[in-house]
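Per this note's numbering: the sequence shown = residues 391 to 877.
Ideal placement from N, C-alpha and C gives every residue a C-beta, glycine not left out.
Remember, predicted model here, so these are calculated numbers, not experimental data.
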Amino acid sequence: MQSFDFVIRNGTLVTATDTTHADVAIAGGRIAAIGRDLAPGTRDIDAAGKFVMPGGIDAHAHIEQLSASGLINSDTFETATKSAALGGTTTVLCFAAQHVGMSLTKVVEDYHALARRGAIVDYGFHMILADPREEVLRDELPPLIKAGHASLKVFMTYDRLRVDDMQLLDVLMAARENKALVLVHAENHGMITWLSKRLLAKGYTAPRYHAVSHPRLGEVEAFTRLIAFAEFIDQPIMIYHVSSAEGVGVIRAARGRGLKVFAETCPQYLFLTKHDLDKPGIDGAKWMCSPPVRETSDQEALWQALCLGDLQLISSDHAPYAFNEKGKLMAGPSANFKQIPNGMPGLQARLPLLFDAMVSKGRFGAQKFVEWTSTAPAEIYGLAPRKGSIAVGSDADIAIWDPDKRVTFADADVVDGAGYTPYAGRTVRGWPITVLRRGEIIAENGRCVAAPGSGEFVARDGGPAAEPLGRLAPEFDTERNFGAQLY
Ligand code: URP
Ligand code: ZN
Ligand code: ZN
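Okay, structure coming up:
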């Protein structure tokens, strides 16, 4: 008879497609059996009254990363992934960030070294390209994609990181040639810069004006241009952190035309509004991220877009900066909104906020919760079938949720490097009380019990999501372009 390391008994097992009462047996870090009356394991966990769900996959997290502000995020791999584990997340996709002049190969090596030392959950890297020089795309990119980093991220805004139209086209073409997905921070840089200058010149300097300075039409313009480029090259894209009802409209129209446009939103756009930035003095800086959080009507449009499949997943965009001179207040306590780094923590709060809204409050339910936070990111980013579900042969990445446990977010409980939570004072019902990564308990009853460095790199290929549609733009079609070979 097969021997098991763990058997999780009597729980409600939830995947993106099914909800059943079944036990889950684990051996050698993988799911070995699912059923009833399974043989005892070395240790049995009684999950009666609990939900047994796949560990979360957070596909957008800035960890120990040189960011757009020129600062490293206020986190190490250890602190960030500890917060992830405590919040029920067992895999993160973070960034190896190339800035201008850097070798991409060296950048990827450096981030690997940081993660190997500190990571508690499993991880992969999206490669940020701020300087897609010819030799980077020709010589460095192909072996890095083959080594398991099959996603490239570009920014259409931020002075340090943004690519221009030609560079964006180069990256889309390089991704197509090497079968990688392209992920984009899409906002119109000129509109943001122009409006920010105008606000500052008129003395509107407080953090609340950050929410004004990123026009929603800047999202519309950038999404539209990006989608036109992606259609032209025939390259699948992922649009990051969709914040506005207008942005959703552009994505819906593109998907309606059959284009391979994936998109995510984040908890901050579902649970916060611009009024959260409207605090005395510089306190609103804690809620500053880009794009900014918007209105309750946008929240509703984003939920609808998730429900309709226009958005497929919810990531955190964890980008923490401590509320001190090494982070948010790098330019001092009287800084204007342009001098404050953008981003907020989210690795720990993502799943409990969503569990509370979707499972405890009953909107969309447990299976959609699993789909949007684990299964869809696994499928889109090439982690499936190893991750993102509870199935025989998959990694035993499991979060056991107590649906009755109430927790009130408080700054004192924060373990990531931000030192504050944007959700302080908010109470959620439902909390991950036991979290297993590859069959090892990494968090239990609010304590992280895994060793830093025990997380493993997960190599990914582009998979079906990165496959082009095969719809040639006329300019690339040799039958319509006088025979010019452009691919
Ligand atoms: O405000 C944000 N989102 N900061 C993180 C950097 C990014 O991806 O935009
Ligand atoms: Zn972004
Ligand atoms: Zn981001």
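Asked	Found
Boundaries of the alpha helix (DSSP H) in which Gly637 is found, first to last residue	Ala635 to Gly646
The segment 774–787 touching the segment 426–434, judged by at least three CB pairs closer than 8 Å	no
Close beta carbons around Ala721, own chain, < 8 Å, minus the five adjacent residues each side	Gln729 and Ile730
Where Pro430 falls: helix, strand or coil (DSSP)	coil
Neighbour-count burial assignment, Met556, 16 or more Cβ in a 10 Å radius	exposed
Proximal residues to Thr686 (C-beta, below 7 Å), its chain only, five neighbours per side dropped	Thr663
Identity of the residues DSSP links to Ser541 by a beta bridge	Leu571
Heavy atom of ligand 2 within 7 Å of Tyr630 beta-carbon	yes
N- and C-terminal bounds of the beta strand (DSSP E) containing Gly514	Asp512 to Ile518
Contact under 8 Å by Cβ, Leu741 with Pro822	yes
N- and C-terminal bounds of the beta strand (DSSP E) containing Thr583	From DSSP, Thr583 is part of no beta strand (DSSP E) but of the alpha helix (DSSP H) over His579 to Ala591.
Which residues DSSP lists as bridging Ala485, in chain order	Residue 485 is actually Phe in this sequence, not Ala. Its beta-bridge partners are His516.
Secondary structure of Asp395, DSSP reduced to three states	strand
Length of the line joining the Cα atoms of Gly491 and Val640	34 Å
Distance cut-off 7 Å: His665 Cβ against heavy atoms of ligand 2	no
His604 - DSSP class collapsed to helix/strand/coil	coil
Exposed unless 16 or more other CB atoms sit within 10 angstroms - verdict on His411	exposed
Cβ-based neighbour list, Gly750, same chain, cut-off 7 Å, excluding 5 preceding and 5 following	The sequence as given places Ser at residue 750; Gly does not occur at that position. Excluding residues within five positions, the ones whose Cβ falls inside 7 Å are Pro793, Arg819 and Gly820.
Chain-order list of residues whose beta-carbon lies under 7 Å from that of Ala644 (same chain, five-residue window excluded)	Ile617 and Val651
Contacting residues, own chain, Cβ-Cβ under 8 Å from Gly477 (five flanking each side not counted)	Gly446, Leu737, Gln738, Ala739, Arg740, Leu741, Pro742 and Pro822
Residue from Tyr711, Cys679 and Met748 with nearest C-alpha to Ala470	Tyr711
Per-residue burial, Gln875 [other beta carbons within 10 Å of its own, 16 or more giving buried]	exposed
Residue environment, Pro854, which counts as buried when at least 16 other CB atoms sit within 10 Å	exposed
Under 8 Å between C-beta atoms of Ala342 and Phe613	In this structure the chain extends from 391 to 877, so residue 342 is not present and cannot be described.
Nearest-angstrom beta carbon gap, Val511 and Ala474 [assumed within contact, 8 Å]	5 Å
Proximity of Glu609 and Ser634 at Cβ, strictly below 8 Å	yes
Host alpha helix (DSSP H) of Gly508 (start-end)	Leu494 to Gly508
Element boundaries [beta strand (DSSP E), containing Thr402]	Thr402 to Val404
Distance cut-off 7 Å: Asp434 Cβ against heavy atoms of ligand 3	no
Spatial neighbours of Gln689 in its chain, beta-carbon cut-off 8 Å, leaving aside the 5 residues before and after	Tyr659, Leu660, Phe661 and Thr663
Simplified DSSP state of Asp448, which is helix, strand or coil	strand
Coarse secondary structure for Val442, derived from DSSP in three states	strand
Stretch pair the segment 698–711 + the segment 797–813: three plus CB contacts closer than 8 Å	yes
Close-in-space but distant-in-sequence residues of the same chain around Pro459 (CB under 6 Å, 5 per side omitted)	It should be pointed out that residue 459 corresponds to Ser in this sequence rather than to Pro. Same-chain partners within the cutoff: Pro731.
Element boundaries [beta strand (DSSP E), containing Val825]	Thr817 to Arg827
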